[in-house]
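Asks: My questions all concern the structure below.
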Amino acid sequence: MKTPGATPSRRALLTAGAGAVLAATMSAGTARAASPYRADGVVARLRELERERGVRLGVYARDTATGRTVLHRADELFPMCSVFKTVAAAAVMRDLDHDGTRLAKRIHYTLQDVTDAGGGEITQAEENIANGLTVAELCSAAIAQSDNAAANLLLRELGGPTAITRFCRSLGDRTTRLDRWEPALNSAEPDRVTDTTSPRAIGLTYTRLALGNALSPRHREHLNRWLLANTTSKERMRKGVPAQWALGDKTGAGSYGTNNDVGIAWPPGRPPLVMAILTTRAEATAPRDNEVIVRATQLLTQTLV
């Protein structure tokens with residue numbers, strides 16, 4: 395049995411019972427008192443990075459071992475984009491999988507469903523269109539491959555996008571809201587209130603889901619396996635954390651250069667960090683900037699650990 399606070403490799407977490415390990419690290423982290431901490435220096439560097447890259451940058455980061463927290467535009471609204479997919483999978487598990495059978499339910503869909511959602515790496519496969527996918531497979535596809543059609547099918551199971559808003563409210567998140575389906579929710583216009591979150595709100599919601607008691611241990615383990623298996627952040631948060639750290643995260647992207655990453659990072663031998671990095675720009679056709687997420691991640695990990 396692992397010593398509380400010890401951090402396994404990403405492969406070990408995926409194969410050896412992520413939920414139990416994550417529960418242990420959360421317990422170890424919250425048991426230690428927060429130490430006095432001033433984040434003025436790193437916030438100044440985040441502001442400099444924001445100016446240099448020409449983005450609006452929002453950050454919430456917390457070291458669960460010490461309680462040290464970094465906040466920059468933490469309560470401003472940003473387009474949520476695909477980071478909602480983690481929440482959708484969690485809502486399906488908590489609210490629908492009461493007897494353990496809903497995740498095994500096979501969902502049949504059409505090529506038109508995939509096209510209407512803007513595509514999906516897993517759902518567009520001919521064999522999957524022919525045979526359908528289980529709800530668990532849809533959750534995995536939505537998180538690990540950011541499959542849009544899989545996410546829409548999960549929303550359909552829940553009764554529509556506003557189910558995500560209700561689920562967040564039940565967790566104490568008064569900010570995060572979802573109003574539209576894929577791909578419309580990614581339009582990301584400035585000053586839009588619908589389909590938005592804040593760095594603090596989504597960071598705390600991910601904390602409750604991945605490390606807290608919002609889900610049952612079995613469901614929490616499923617969720618963390620999918621986050622740890624994420625394939626879409628190789629040039630974002632995954633590139634910014636030290637190579638030996640385990641990372642479970644979810645990315646999101648949309649118009650106006652919107653580029654997001656929210657995740658849980660486990661340094662070796664200690665409890666995890668929670669990081670939410672959200673970015674957007676003023677021009678509809680502005681490019682997405684992976685480098686700003688990489689550099690913000692590096693600043694946060696160097697500051698908090």
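Mapping the sequence shown onto the working numbering, position 70 (from 1) lands on 464, and the numbers just tick up by one.
Where a beta carbon is used, it is the ideal one built from N, C-alpha and C, also for glycine.
Three-state secondary structure (DSSP) at L525?
Replies: Correcting the residue type first, residue 525 is Asn in the shown sequence and not Leu. Three-state result, N525: helix.
Asks: Going by other Cβ atoms of all chains shown within 10 Å of its Cβ, with 16 needed for buried, is P473 buried or exposed?
Replies: By the neighbour-count rule (16 or more Cβ atoms within 10 Å), P473 is buried.
Asks: Taking the alpha helix (DSSP H) that K633 belongs to, which residues open and close that run?
Replies: From DSSP, the alpha helix (DSSP H) with K633 extends over 631 to 634.
Asks: Would you kindly work out how many angstroms separate the C-alpha atoms of K628 and I537, rounded to a whole number?
Replies: Distance between the alpha carbons of K628 and I537 is about 14 Å.
Asks: Relative to the C-alpha of G663, which candidate in V699, R568, P593 has its C-alpha closest?
Replies: Out of V699, R568, P593, V699 has the C-alpha closest to the C-alpha of G663.
Asks: Is it right to say Q506 is buried, meaning 16 or more other beta carbons lie within 10 angstroms of its own, or is it exposed?
Replies: The residue in question, Q506, is exposed, as its Cβ has fewer than 16 Cβ neighbours within 10 Å.
Asks: Quick one: Cα of I516 to Cα of C533, how far?
Replies: Cα to Cα, I516 sits roughly 11 Å from C533.
Asks: Mark I687 as exposed unless 16 or more other C-beta atoms lie within 10 angstroms of its C-beta, in which case mark it buried.
Replies: Classification of I687: buried, given that the 10 Å Cβ count is 16 or more.
Asks: So what does DSSP say about M487, is it helix, strand or coil?
Replies: Here M487 sits in helix by DSSP.
Asks: What do you get for T504, buried or exposed, if any count of 16 or more other CB atoms within 10 angstroms of its CB means buried?
Replies: Exposed, since its Cβ has fewer than 16 Cβ neighbours within 10 Å.
Asks: Since I believe R456 is in contact with L617 (beta carbons under 8 Å), could you give me their beta-carbon distance rounded to a whole number of angstroms?
Replies: Between R456 and L617 the Cβ distance is about 19 Å, and since that is not below 8 Å, they are no contact.
Asks: What three-state label does DSSP hand Y650 in the structure shown?
Replies: Coil, per DSSP.
Asks: Let's test the definition: count the other Cβ atoms within 10 Å of the Cβ of D585 and tell me whether it reaches 16, buried, or not, exposed.
Replies: D585 comes out exposed.
Asks: Using a Cβ-Cβ cut-off of 8 Å, state whether T509 counts as contacting chain C.
Replies: Absent from the structure is chain C; it holds one protein chain and no more.
Asks: Does the distance from the CB of A484 to the CB of I596 come in under 8 Å?
Replies: The answer is no: Cβ separation not under 8 Å.
Asks: When DSSP labels each residue in this structure, what does A459 get in the three-state scheme?
Replies: Reduced to three states, the DSSP call for A459 is coil.
Asks: In this structure, does DSSP put V464 in helix, strand or coil?
Replies: In the structure shown, V464 sits in a strand (DSSP, three-state: E or B).
Asks: Residues in the same chain with beta-carbon distance under 8 Å from E677, minus the five sequence neighbours each way, listed in chain order, please.
Replies: Closer than 8 Å at the Cβ level, and outside the excluded window around E677, lie Y650, G651.
Asks: Let me make sure I understand the geometry here. Which of D493, T645, V481 has the alpha-carbon closest to that of T626?
Replies: Ranking D493, T645, V481 by Cα distance to T626 puts T645 first.
Asks: DSSP on K628, reduced to helix/strand/coil?
Replies: K628 falls in the coil class under three-state DSSP.
Asks: Please classify S564 as buried or exposed, where buried requires at least 16 neighbouring CB atoms within 10 angstroms.
Replies: The residue in question, S564, is exposed, as its Cβ has fewer than 16 Cβ neighbours within 10 Å.
Asks: Using three-state DSSP, classify A659 as helix, strand or coil.
Replies: In this structure, A659 counts as strand in the three-state DSSP scheme.
Asks: Once you ignore the five residues that flank G423 on each side, which residues in its own chain have a CB closer than 6 Å to its CB?
Replies: Bear in mind that a pLDDT of 42 at G423, under 50, signals an unreliable position, so the number given afterwards is only what the model happens to contain. Taken in chain order, the residues that qualify are T458, A459, P665.
Asks: Cβ atoms of L465 and Y454: under 8 Å apart, would you say?
Replies: A contact, by the Cβ cut-off of 8 Å.
Asks: Could you compute how far the alpha carbon of L490 sits from the alpha carbon of P611?
Replies: For L490 and P611, the distance between alpha carbons rounds to 16 Å.
Asks: How big is the Cα-Cα spacing for D589 and L672?
Replies: Computed Cα separation, rounded: 13 Å.
Asks: For L693, which residues of its own chain have a beta-carbon under 8 Å away from its beta-carbon, when the five flanking residues on both sides are left out?
Replies: The residues are V436, R439, L440, L443.
Asks: DSSP three-state call for V686: helix, strand or coil?
Replies: DSSP places V686 in helix when its eight states are reduced to three.
Asks: Should V587 go down as buried or exposed, given a rule of 16 or more other Cβ atoms within 10 Å for buried?
Replies: Exposed is the call here.
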